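Novice: So that we are looking at the same thing, I have put the structure below in C-alpha cells.
Number of protein chains: 2
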Amino acid sequence: MTQRKRPNRRETNKNPGKTAPSGNRGPRGPKKPHGPGQSPFIYGLHAVEAALQNPARTLHRLLATRNAWNEIESRLTAPARIEPEIVASEEISRALPPGAVHQGVALHLAPLPEPDLEDTTVNARRLLVLDQVTDPHNVGAILRSAAVFGAEAVVMTERNSPPLTGVLAKAASGAVEHVKVVKIGNLARALQELKNMGFLIAGLDGEADQTLGEIDVTRPVALVLGAEGAGLRRLTRETCDVLVKLPASGPMRSLNVSNAAAVALYELARPR
Amino acid sequence: MTQRKRPNRRETNKNPGKTAPSGNRGPRGPKKPHGPGQSPFIYGLHAVEAALQNPARTLHRLLATRNAWNEIESRLTAPARIEPEIVASEEISRALPPGAVHQGVALHLAPLPEPDLEDTTVNARRLLVLDQVTDPHNVGAILRSAAVFGAEAVVMTERNSPPLTGVLAKAASGAVEHVKVVKIGNLARALQELKNMGFLIAGLDGEADQTLGEIDVTRPVALVLGAEGAGLRRLTRETCDVLVKLPASGPMRSLNVSNAAAVALYELARPR
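The structure is reproduced here in C-alpha cells:
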C-alpha cells in the first residue's frame, strides 16, 4: 500500500455490488451506482495473492483449484483470512464472465474504500490522470506501472472508467491493492483542484512542442493521458499547465496508451 | 520501412498460409511450417492502412464497410493497389477468428519477405530480442514501441512466437510494416552471432544489480526480454553480456512485458 497521509473518512463497503455509502464527497456530489457489467470477482494468481495480502479488503468467497491454492498459499506472508473452496477449474469459469483467464483462482470481495481526491493527493509527488481511457487491459497495465514507478494515485472519471475487478485487476497484477484509484465526476474541475494544490498539470500530446524531459521534475506532477486516437478532450487540454510529448525517433509517433504511461512515469522517476 | 542495408536474398511468399520457400538460411536450417492457427488477415484501421501503404506487400483481398473505407482512403498518400469489396461488418466478422476487433476492415495479404539476421542487423543500433514472449497483444505492442523509439528489428524464435497477422498486427497498429521481424531457430546461437557483430547483449532481469541507464549506450545494443513470470531462460541469461533492471521506486517490481520493452527502448533512445 502507498502510505496514507491522513485518516480516511470512508468505511469499507460491506455490501459488494452496491456502491459505497456516500460520505463527504466535497464539491462533486454523491456517487452514481456502478454499471451492471461489474463482476465482484478478482481472479488470477498475482491479483488474488495481492488482495489476500491486503488487510483493507473484506473477503467473501475464495474459489481455487488445489494447484493454484498451493501456489498462492506458499507465497502468503500471513495465514489467509478466508478458507478456500477447492473446486475444479470449470467451476471457477462458470462463476466468471466468459473468457476470464483465472489461472485457477477467483476471489469475491468488497471494493476498497473510495478515496477522496484531496486526501489522497495532498502529499503525493506523482499522479496519473486518465481522460476517457476505457480499455480495462490498458487501465490495469497503467496501475501496474504506477505501482512500479511510485505514482501514488490514478485519477479517472466515474463515467467511462472500467470496474476495478475482473480484466482490469488481472492486468494490474495486484496493483489495485497498492495504487489509490480516485474516481471523480468532472475531470476539468479535478485538474483545477490539483493545480490549486500545487501540481504541475502536464498533458501528454504527440503534437506538443516540448518533451516530458524538459519540465521541472522537482515539482509534484499530475500527468494527464487521453484515449488512443481521440487524445485529450478540448477542455482537458485547455486546463493543463503544459503539453508535452515523448521523443519519438522512429517511423511511428504513437504508443499504446499503457506504454506511453509507463514511459512517462519512468521519465519522471528515473535517477538523475 | 526501416532502410534495408543489403539486397534481400529471399522472395516474397506469394502463397499465403504456406511458408516462404526456404532460401539460404545460413546455419539455422529450413523453416518449419507455421501452426494451423495463423489467419492470413490483417484487420483494424491503422494496421490495414499501414499495410496498404507498404509497397512490399502483395495484396489479395480487401473487405471493408463503407465508413471504414472512407476513413482509410482519406489517409492514403497514394491510390490503393487493390479495390475494396464494400460489405457489411458482419461479413468481415465471419471471415475472421471469433472476437476479432476489425473496425470494419480486413485485408488478406501475403507475408513480408522473412529477413535474415545478419542482413537485417549489420548496421542496426537497437534490437529487441524476445525469449518466449508468446502473447500476441504484448508482441504487437512491443513492435509498436520499437517503431516509435527507432529499434530496427525484433528478433524472436520461430517456435513459440505468434503469427504476424491478426491480434498481433492489430496491437502493432501498423508497426509490422515498419519494424523487421527476424525469426530464428536457436536464440542462444543468434545472440552469439549478434555478439560477434559487435552488439552489447543486455538482458532485462528484475534481479540484476545494474540499471539499464548505466550501460554504454553509444554501442549497438540488443535488449533481451523474457516472458512474464518465467523471465529469461538459463542459456539466454548466460549468453548475455550484462543483466540490467529498470529502476523501480514503488511497491511493485515487475512491469507488463510490453511496458518494460517500451521503457527500456525509451531509455536507450532518449536525448542525453
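Protein chains in written order, with my numbering: chain P, 1 to 272; chain V, 1001 to 1272.
In this text, a Cβ means the ideal position worked out from N, Cα and C, and glycines have one as well.
Please read all numbers here as calculations on a predicted model, not as lab measurements.
Count the other C-beta atoms from every protein chain shown that fall within 10 angstroms of the C-beta of V1263 (chain V), then say buried if there are 16 or more, exposed otherwise.
Specialist: Buried, since its Cβ has 16 or more Cβ neighbours within 10 Å.
Novice: How would you write the range of the beta strand (DSSP E) that V129 (chain P) sits in, first residue to last?
Specialist: First-last of the beta strand (DSSP E) with V129 (chain P): R126 to D131.
Novice: Hey, would you say D131 (chain P) sits closer than 8 angstroms to L200 (chain P), going by beta carbons?
Specialist: No, the pair does not count as a contact, with Cβ atoms beyond the cut-off.
Novice: Could you tell me whether the Cβ of S1093 (chain V) comes closer than 8 angstroms to any Cβ of chain P?
Specialist: Not an interface residue.
Novice: Under 7 angstroms from any heavy atom of the ligand HEM, does the C-beta of L1194 (chain V) make it?
Specialist: No copy of the ligand HEM appears in this structure; indeed no ligand is present at all.
Novice: Quick one: which residues of the region 136–162 of chain P get their C-beta closer than 8 angstroms to a C-beta of chain V? List them in chain order.
Specialist: Answer in chain order: H137, A141, R144, S145, A146, A147, V148, F149, G150 and A151.
Novice: On the DSSP letters alone, give me the boundaries of the beta strand (DSSP E) that L1243 (chain V) sits inside.
Specialist: Its beta strand (DSSP E) spans residues V1242 to K1245.
Novice: Which bits of chain V does V263 (chain P) rub up against, with CB to CB less than 7 angstroms?
Specialist: Those within 7 angstroms of V263 (chain P) in chain V are A1262, V1263 and Y1266.
Novice: DSSP puts H108 (chain P) in a beta bridge; with which residues?
Specialist: Answer is P:F41 and P:R61.
Novice: What in chain P is Cβ-close to R1253 (chain V), meaning under 8 angstroms?
Specialist: Chain P residues near R1253 (chain V): V148.
Novice: Inspect the CB distances between the region 1051–1069 of chain V and the region 1192–1199 of chain V and report whether three or more fall short of 8 angstroms.
Specialist: Too few Cβ pairs lie closer than 8 angstroms, so no.
Novice: Chain P partners of P1247 (chain V), CB-CB under 9 angstroms?
Specialist: Within chain P, the residues near P1247 (chain V) are F149, Y266, A269, R270 and P271.
Novice: Output needed for A208 (chain P): all residues of its chain with C-beta closer than 7 angstroms, excluding positions within five of it in sequence on either side, in chain order.
Specialist: L243, V244 and K245.
Novice: Can you check which of these residues, V:L1212, V:A1095 and V:G1229, is closest to D1241 (chain V) by C-alpha distance?
Specialist: With distances taken between Cα atoms, D1241 (chain V) lies closest to V:L1212.
Novice: If contact is defined by three or more beta carbon pairs under 8 angstroms, each pair taking one atom from either stretch, is the region 134–151 of chain P in contact with the region 85–99 of chain P?
Specialist: In short, these stretches do not touch, since the Cβ pair count stays below three.
Novice: For chain V, is any of its Cβ atoms less than 8 angstroms away from the one on N54 (chain P)?
Specialist: No, N54 (chain P) does not count as interfacial toward chain V.
Novice: Considering only their Cβ atoms, is the gap separating M156 (chain P) from G1174 (chain V) smaller than 8 angstroms?
Specialist: Cβ distance not < 8 angstroms, so G1174 (chain V) and M156 (chain P) don't count as in contact.
Novice: Fully enclosed by the region 187–215 of chain P, which alpha helix (DSSP H) runs are 4 residues long or longer?
Specialist: Whole alpha helix (DSSP H) segments, 4+ residues: 187–196.
Novice: Does the beta carbon of H1102 (chain V) come closer than 8 angstroms to any beta carbon on chain P?
Specialist: No, its Cβ sits nowhere closer than 8 angstroms to a Cβ of chain P.
Novice: Work out the CA separation of V217 (chain P) and H1034 (chain V) for me, nearest whole Å.
Specialist: Low confidence applies here, because H1034 (chain V) scores a pLDDT of 37, under 50, leaving its location unreliable and the question unanswered by this model.
Novice: So the candidates are P:T58, P:L204, P:E118 and P:A50; which of them puts its Cα closest to the Cα of T239 (chain P)?
Specialist: Ranking P:T58, P:L204, P:E118 and P:A50 by Cα distance to T239 (chain P) puts P:L204 first.
Novice: Taking the beta strand (DSSP E) that L1223 (chain V) falls in, what are its first and last residues?
Specialist: Element bounds for L1223 (chain V): V1221 to G1226.
Novice: Considering only C-alpha positions, which residue in the set P:A261, P:V48, P:V224 and P:K170 is nearest to L187 (chain P)?
Specialist: The residue with the shortest Cα to Cα distance from L187 (chain P) is P:V224.
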